[in-house]
Amino acid sequence: MKKFQGASFFKGVYYTYVFLFLMYLLTPLLITAILAFNDNSAVSFPWKGFTFRWFFSNTPGSEGVFGEKRMMDAIGMSLKVASMVTVLATLLGISNAFLFERRDFFGKQFLYLLMLLPLIIPGVVLGISILSFSHRLSSFFNVVFGRKAGSFLNPGYWLVVFGQMSFITTLATLVITARLRRFDRTLEEAAMDLGANNMTAVILITLRFLAPAIFNAAVVAFLFSFNNFNTTYFLIGTEPTLPVLLYSRLRFGITPQINAVSVMLMFVTGLLGLLSVFSSGEKKQIRQK
Amino acid sequence: MRKLSYKTNKINNTNFLTLLIPFSLWIFLLIVLPHIELIKYSFSKKTGEFTLGNYLHFFKNTLYLNTYIRSAIFSLIVTCITFLLGFPLAFFVTKMATPKLRNIVMLLIILPFWISELIQVFAWVVMMRETGIISYFFQKIGLSSHNIELLYNDIAIGVGLVYTSILFMVIPIISTLSTLDDSLIEAAYDLGASFWNVLTEVAIPYAAPGIATGSIMVFMLTLGNFISVTLLGGKNSLWFTEQIYNQFILRFNWHQGSAFGILLLILSSLLVWGGLKITKQGMAEVLK
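See the structure below:
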């Protein structure tokens, strides 16, 4: 509302509040980012000159991000996990959206609530429940199919992927369902009248309509997976993901190398976050057309 | 004709199964069965016999009980603070700012929203630790002659929890408020309402679904928090998730840890259910 009614003093106070809020939101992150380029191993001011060494140095003991194998391995692990979770959760999200938007069946209401459930289960509880269940399942596989049949269910890559999928699938489903709900089914029927079969119509018309939401769901899935800590912490084996490695580092003290990783993460997640905003912005345009 | 409809029906049925099977595998293998297993663990001894001991241990031990209650109350307080601080911002973005200013503020809000919680907490460690930025500037401007430790207390935990969860309150409120017709607010002003009246009689009731969503998100994130609490609160932050971690990972007592997990689940479900009842919202609508 442009013509805000009220005393200008009040308005001044309100704008100050908003300004302070944004300062509170951004200052810690900005300072953290700035200190990644400060040639001072204390992770604080004073400013001792600009440097890239917290990114690229190979000096043993004070390696930069790219100079330390363990750090790079953790980034690689996180990327591997996040890619797999993104693909699986997005595919499941599409399938679930069609199930709940296009089908009527006995117990649908109940299953829909079940689908929402992961959102109100604390991440720690998801982690331990999947850990206990996979432990049981893995010993069962070992007994039935021979010694190492269940080993893929030991803490490690696949367990992290499954653990994160448990709730990220719900997020993907919700994003895609919201758009499918707005789809005009007569378009599909028109395509079928013109000779397309059911499947072709869905692929050509409906999935194309869903594309922005599918992209958005994939971005959301990737970010939630890449950033996840609570569930992942219980399910990792010997190879940590980036958040888990950073957490264990932070418990023992901090180095500017962590600032450098933070800058990289802020940049990448910021970019992806913006992409997600733009893809949902596009959604509005299409709706208006 | 009959033949044709039989054929489409058959296609629809196989189609239905190809949609139902992936869903069922996901929900049963990753949600339902693991939680049944967790319940089984919580009611058994290490030898596998049935016991109530894991739960009795919780109720007999005041440390566990206090941590449980403290986490719940702390989380409720954080939820209220994020609402009080966040609602004015959401109202500003949707109803007061010019379109250009709105876009700038939205951008500045969305960017930190996506940054990993770990980085957010790290940023506050950088700010608040003994040799941190706040301590540095206090000495620089002469307010203190020595390093000040701001970490490892409840206020540090509170600052971190509010910081990492407030946008989960702001964003759902923004999305409900943005559908509130401006003319309703103008009408309220024309009828002599004050800003306060507009907030409490028009905006807040209208935004109730968004507030409910935000409150549930914030409460869940806070109660289930691990990173902010342990990094900003230190070793004795007395948070219930930490007890679960200790049992599972440090003591390797999965049975006790499972009982704690179930108790945490009961606590969060009860409070979410209570919150939905009070605000008269349905879970399916709130989590949409």
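Those protein sequences? They're chains B and U, same order as listed.
Here our numbering = 1-based position in the first sequence + 107.
Here our numbering = 1-based position in the second sequence + 5.
By construction, the Cβ of each residue, glycine as well, lies at the ideal position given by its N, Cα and C atoms.
Remember, it's a predicted structure, so these values are computed and weren't measured experimentally.
Checklist entry - If contact means a Cβ-Cβ distance below 8 Å, which residues of the region 195–229 of chain U contact chain B? => result Those would be F200, I221, M225, L228, G229, in chain order.
Checklist entry - Grouping DSSP H, G and I as helix and E and B as strand, with all else coil, what is N145/B? => result Taking the first sequence and counting its residues from 1, one reaches residue 145/B at position 38. If DSSP states are grouped into helix, strand and coil, N145/B belongs with the strands.
Checklist entry - Got a sec: is the Cβ-Cβ distance from F97/U to anything in chain B below 8 Å? => result As a first step, residue 97/U must be located in the second sequence, where it is residue number 92. It does: the Cβ of F97/U has a partner Cβ on chain B nearer than 8 Å.
Next on the checklist: Checking the sheet assignment: what are the DSSP bridge partners for F55/U?
Outcome noted: Your numbering for residue 55/U matches position 50 in the second sequence. Looking at the DSSP assignment, F55/U forms a beta bridge with S49/U.
Next on the checklist: Which of the three DSSP states is assigned to N159/B in this structure?
Outcome noted: Working through the first sequence from its first residue, we reach residue 159/B at position 52. At residue 159/B the sequence reads Phe, which differs from the Asn that was named. It is coil, neither helix nor strand.
Checklist entry - Around the Cβ of F127/U, are there at least 16 other Cβ atoms within 10 angstroms (buried) or fewer (exposed)? => result Taking the second sequence and counting its residues from 1, the one referred to as residue 127/U is at position 122. Flag for F127/U reads buried.
Next on the checklist: Excluding the 5 residues flanking F385/B on each side, which residues of the same chain have their C-beta closer than 7 Å to its C-beta?
Outcome noted: Residue 385/B sits at position 278 when you count from the first residue of the first sequence. So no residue of the chain qualifies.
Item to check | CB contact flag (L268/U, R75/U, <8 Å) | outcome: As a working mapping, residue 268/U is identified with position 263 in the second sequence. As a working mapping, residue 75/U is identified with position 70 in the second sequence. Going by C-beta atoms, L268/U is not nearer than 8 Å to R75/U.
Item to check | Beta-carbon gap between Q286/U and A217/U smaller than 8 Å | outcome: Within the second sequence, the letter at position 281 stands for residue 286/U. Within the second sequence, the letter at position 212 stands for residue 217/U. Cβ distance < 8 Å, so Q286/U and A217/U count as in contact.
Checklist entry - Got a sec? Which residues, its chain only, sit under 7 Å from A328/B by beta carbon, not counting five neighbours each side? => result Counting from 1 along the first sequence, the entry for residue 328/B is found at position 221. Once the five neighbours on either side are set aside, the close Cβ partners of A328/B are V192, T193, A196, T197, I275, L278, A279.
Next on the checklist: Please list, in chain order, the chain B residues whose beta carbon lies closer than 9 Å to that of I271/U.
Outcome noted: Indexing the second sequence from 1 puts residue 271/U at position 266. Neighbours of I271/U on chain B: none; closest Cβ ~10 Å, over 9 Å.
Item to check | Beta carbon proximity, E389/B to chain U, threshold 8 Å | outcome: Looking up residue 389/B in the first sequence gives position 282. Unreliable positioning characterises E389/B in this predicted model, as indicated by a pLDDT of 46, which lies under 50. The coordinate reading is nonetheless provided below. For E389/B, the answer is no, since every Cβ of chain U falls outside 8 Å of its Cβ.
Checklist entry - When Cβ atoms are compared, which residues of the region 26–48 of chain U fall closer than 7 Å to chain B? => result P27, F28, W31, I32, L35, I36, L38, P39, H40, E42, L43, Y46
Checklist entry - What is the C-beta distance between A212/U and L189/U, in whole angstroms, given that I count them as a contact (C-beta under 8 Å)? => result Here residue 212/U refers to the residue found at position 207 of the second sequence. Here residue 189/U refers to the residue found at position 184 of the second sequence. Between L189/U and A212/U the Cβ distance is about 12 Å, and since that is not below 8 Å, they are no contact.
Checklist entry - For W119/U versus T376/B, is the C-beta distance shorter than 8 Å? => result Along the second sequence, read from residue 1 onward, the residue named residue 119/U stands at position 114. Along the first sequence, read from residue 1 onward, the residue named residue 376/B stands at position 269. The answer is yes: Cβ separation under 8 Å.
Item to check | Spatial neighbours of P117/U in its chain, beta-carbon cut-off 8 Å, leaving aside the 5 residues before and after | outcome: Here residue 117/U refers to the residue found at position 112 of the second sequence. Hits under 8 Å: Q125, L172.
Checklist entry - Using CA coordinates, which residue listed in F159/B, L133/B, T134/B is at the minimum distance from N145/B? => result Against the first sequence, residue 145/B aligns to sequence position 38. The shortest Cα separation from N145/B among F159/B, L133/B, T134/B belongs to F159/B.
Next on the checklist: Let me confirm a value: V311/U is counted as buried when at least 16 other C-beta atoms fall within 10 Å, else exposed. Which label applies?
Outcome noted: The question about residue 311/U has no answer here: the residues shown for chain U are numbered 6 through 293.
Checklist entry - Between L90/U and the rest of its own chain, which residues show a CB-CB distance below 8 Å, the 5 nearest in sequence each way excluded? => result Taking the second sequence and counting its residues from 1, one reaches residue 90/U at position 85. Here the set comprises V167, I171.
Next on the checklist: Does chain B have any CB closer than 8 Å to the CB of L113/U?
Outcome noted: As a first step, residue 113/U is located in the second sequence; it is residue number 108 there, counting from the start. Interface residue, yes.
Checklist entry - Does M373/B have its Cβ less than 8 Å from a Cβ in chain U? => result As a working note, residue 373/B is residue 266 in the first sequence. By this cut-off, M373/B is an interface position.
Item to check | Coil, strand or helix - D291/B by DSSP | outcome: Position 184 of the first sequence, counted from the start, is the residue given in the question as residue 291/B. If DSSP states are grouped into helix, strand and coil, D291/B belongs with coil.
Item to check | Segments assigned beta strand (DSSP E), at least 3 residues, entirely inside the region 198–251 of chain U | outcome: none
Next on the checklist: For A208/U and F224/U, I'd like the C-alpha separation in whole angstroms.
Outcome noted: Taking the second sequence and counting its residues from 1, one reaches residue 208/U at position 203. Taking the second sequence and counting its residues from 1, one reaches residue 224/U at position 219. Cα to Cα, the separation comes out at about 22 Å.
Next on the checklist: 8 Å is my cut-off, CB to CB: does G96/B come that close to chain U?
Outcome noted: In the structure as shown, chain B starts at 108 and stops at 396, and residue 96/B therefore has no counterpart that could be examined.
Checklist entry - What in chain B is Cβ-close to M132/U, meaning under 9 Å? => result Numbered from its first residue, the second sequence carries residue 132/U at position 127. Those within 9 Å of M132/U in chain B are T134, P135, I138, T139.
Checklist entry - Nearest chain B C-beta to W119/U closer than 8 Å, yes or no? => result Here residue 119/U refers to the residue found at position 114 when the second sequence is read from its first residue. Answer yes: the Cβ-Cβ gap between W119/U and chain B drops below 8 Å somewhere.
Checklist entry - Among N366/B, A298/B, S355/B, which one has its Cα closest to the Cα of L142/B? => result Counting from one through the first sequence, the residue named residue 142/B turns up at place 35. Cα-wise, what sits closest to L142/B is N366/B.
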